[in-house]
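For reference, the structure is listed below as structure tokens.
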Amino acid sequence: MSRSKVRQIFHILMDEFGEQGWWPGRSRLEVIVGAILTQNTAWKNVEKALENLGYAGLLPSSDEEDALEYARRYLKLGREGLARLIKPAGFFNQKAEYLLNFMEFFVGEGGFAGLGRLRTETLRKKLLSVKGIGRETADSILLYAFERPVFVVDAYTLRIFSRHDMDFGNYEDARRLVEDAFSDLDEGERVRVFNEFHALLVRVGKDYCRKHNPLCSACPLNSMD
DNA sequence: AACCAGGAGAGAG
DNA sequence: CTCTCTCATGGT
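The first sequence begins at 408 in this note's numbering and counts up by one.
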């Protein structure tokens, strides 16, 4: 029932905004670092922090480079130095700790080679066990860094769905709703759809669904109801 | 000048 | 399980 509605929302947004090209980043490790840094933080501020990390030699310029070597540099640098570099992203003390937690986990699991062998559900549970990686960050990492068919729910998603009849307010329910809505597609197609869908929901959320910028009347999704 | 951004954890009830 | 509080910089 709401299955077709979910697809309708996706196609309206796709027609309106087109491909968003997420996730910005030159390597998978940079995608993960960005996912942690952007927790409750404007992406503009994250870019400044990423720039600092890049100059400090903490971001691979491509996936051809050994991510494990970069991960060890975080551990060598430590919380103090790391916090100073990511200061523009806010919550720098927490996020420095979170980044170190992930890098320690990453090295211990054998980097992308080791983690890449795990089944999606197993990998998700392992990511969630890292202090500082919650549901949204874990799913962002699964989708954008590991290219697993996982839909990423965020505050915009719940807000937008709520304004169009589908009032869940529950992260897992909203996630399964979208994943089930596209369950007929093969894995590669779902990765593409979930990638664009989440980016599009953030886009329309920023433009029309913000609290201090309530342009609901101009939202392209109004053509549904 | 309050309000919020591509959240998460800890604690209370 | 659902609130509530904290963490902090930078843009509107």
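The beta-carbon is built from N, C-alpha and C at its ideal position, and this holds for glycine as well.
Exercise. Consult DSSP for Lys538 and reduce its assignment to one of helix, strand or coil.
Key: Position 131 of the first sequence, counted from the first residue, corresponds to residue 538. Coil.
Quiz item: When the Cα atoms are used, what is the spatial distance from Ser536 to Asp546?
Solution: Position 129 of the first sequence, counting from 1, holds the residue named residue 536. Position 139 of the first sequence, counting from 1, holds the residue named residue 546. Each residue's Cα considered, the two are about 13 Å apart.
Quiz item: With contact counted as at least three CB pairs below 8 Å, one residue from each stretch, are the region 520–529 and the region 568–579 in contact?
Solution: no
Quiz item: Under three-state DSSP, which class holds Gln501?
Solution: Numbered from 1 along the first sequence, position 94 holds the residue referred to as residue 501. Gln501: helix per DSSP, three-state reduction.
Quiz item: So Leu522 packs on Tyr481, CB below 8 Å; how close in whole Å?
Solution: Taking the first residue of the first sequence as 1, we reach residue 522 at position 115. Taking the first residue of the first sequence as 1, we reach residue 481 at position 74. Contact flag wrong, Cβ pair sits at about 16 Å.
Quiz item: Is it a yes or a no for the region 551–566 touching the region 606–618, going by three-plus beta-carbon pairs under 8 Å?
Solution: yes
Practice problem: Determine the extent of the alpha helix (DSSP H) in which Leu592 is found, giving its start and end residues. | Solution: As a working mapping, residue 592 is identified with position 185 in the first sequence. Premise fails: Leu592 is in no alpha helix (DSSP H) and is neither H nor E.
Exercise. Return helix, strand or coil for Cys626, following the three-state DSSP convention.
Key: Within the first sequence, residue 626 is the residue found at index 219, counting from 1. Cys626: coil per DSSP, three-state reduction.
Quiz item: How many angstroms separate the CA atom of Thr448 from the CA atom of Ile567?
Solution: Taking the first sequence and counting its residues from 1, one reaches residue 448 at position 41. Taking the first sequence and counting its residues from 1, one reaches residue 567 at position 160. Going by the C-alpha atoms only, they are around 20 Å apart.
Quiz prompt | C-beta atoms of Trp429 and Tyr551 nearer than 8 Å | solution = Here the question's residue 429 lines up with position 22 in the first sequence. Here the question's residue 551 lines up with position 144 in the first sequence. Yes, the pair counts as a contact, with Cβ atoms nearer than the cut-off.
Exercise. Run the proximity test for Phe512: is its beta-carbon closer than 7 Å to any non-hydrogen atom belonging to the ligand MG?
Key: Annotation note on the ligand MG: not contained in the displayed structure, which lists no ligands.
Quiz prompt | Option in Phe575, Gly488, Glu596 and Glu603 with minimal Cα separation from Phe424 | solution = One-based indexing of the first sequence puts residue 424 at position 17. Phe424 has its Cα closest to that of Glu603, out of Phe575, Gly488, Glu596 and Glu603.
Practice problem: State the Cα-Cα distance for the pair Asn452 and Asp632, rounded to the nearest angstrom. | Solution: To locate residue 452, count along the first sequence from 1; it is residue 45. To locate residue 632, count along the first sequence from 1; it is residue 225. Approximately 36 Å, taken between the alpha carbons.
Exercise. Please go through the same chain and pick out, in chain order, the residues whose beta-carbon is closer than 8 Å to the beta-carbon of Ser630, but skip the five residues on each side of it.
Key: By 1-based counting over the first sequence, the position of residue 630 is 223. Within the same chain, Ser630 has close Cβ partners Ile419.
Quiz item: What's the gap between the Cα of Arg433 and the Cα of Glu511?
Solution: Sequence index remark: in the first sequence, residue 433 carries index 26 (1-based). Sequence index remark: in the first sequence, residue 511 carries index 104 (1-based). The straight-line gap from Cα to Cα measures roughly 22 Å.
Quiz prompt | Close Cβ partners of Ile548 (< 8 Å) along its chain, the five nearest in sequence each way excluded | solution = As a first step, residue 548 is located in the first sequence; it is residue number 141 there, counting from the start. Cβ within range, chain order: Val438, Ile439, Ala442, Leu534 and Ile540.
Self-check item: First through last residue of the alpha helix (DSSP H) which encompasses Thr564
Solution: Within the first sequence, residue 564 is the residue found at index 157, counting from 1. From DSSP, the alpha helix (DSSP H) with Thr564 extends over Ala562 to Ser569.
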